[in-house]
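Read the structure below first, then the notes.
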Amino acid sequence: MQPIEIFDLASPWYYPDLATALTGLKSSGVAVKAIENSTEQAVDQAHAAALQPFRQADGSYKIAATFRCLVAKV
Numbered sequence: 001m002q003p004i005e006i007f008d009l010a011s012p013w014y015y016p017d018l019a020t021a022l023t024g025l026k027s028s029g030v031a032v033k034a035i036e037n038s039t040e041q042a043v044d045q046a047h048a049a050a051l052q053p054f055r056q057a058d059g060s061y062k063i064a065a066t067f068r069c070l071v072a073k074v
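Below is the structure:
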């Protein structure tokens, strides 16, 4: 493979409310495993606490995220 281009792509995570954020976050494999080893309530509480700094005035949540992309040819 030969790299052609590497670039960053801004892709913030936006959730309109806490319930939607919790649903999205607990759908990851890591969260599912955490629920299996504790409880859904414990994982929701941990996620809710981690989300607090990202809460917007209107009750939504916005988390800045950037992905690094590599375009290559074979």
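Letter 14 of the sequence shown, counting from 1, is numbered 14 in the numbering used here, and no numbers are missing. Glycine included, every Cβ here is placed at the ideal spot set by N, Cα and C. Remember, it's a predicted structure, so these values are computed and weren't measured experimentally.
Asked, Found
"Where the beta strand (DSSP E) containing residue 71 begins and where it ends", "66-73"
"Which listed residue (30, 39, 9 and 62) has its alpha carbon closest to that of residue 21", "62"
"Enclosing alpha helix (DSSP H) for residue 75 [first to last residue]", "Given a span of 1 to 74 for the chain in the structure shown, any question on residue 75 remains unanswerable."
"Residue closest to residue 68, alpha-carbon to alpha-carbon, out of 3, 7, 2 and 1", "7"
"Delimiting residues of the alpha helix (DSSP H) encompassing residue 44", "40-51"
"Neighbourhood of residue 14 by C-beta distance below 6 Å, restricted to the same chain and skipping five residues each side", "62"
"Closest by C-alpha distance to residue 16, when choosing among 34, 58, 36 and 52", "58"
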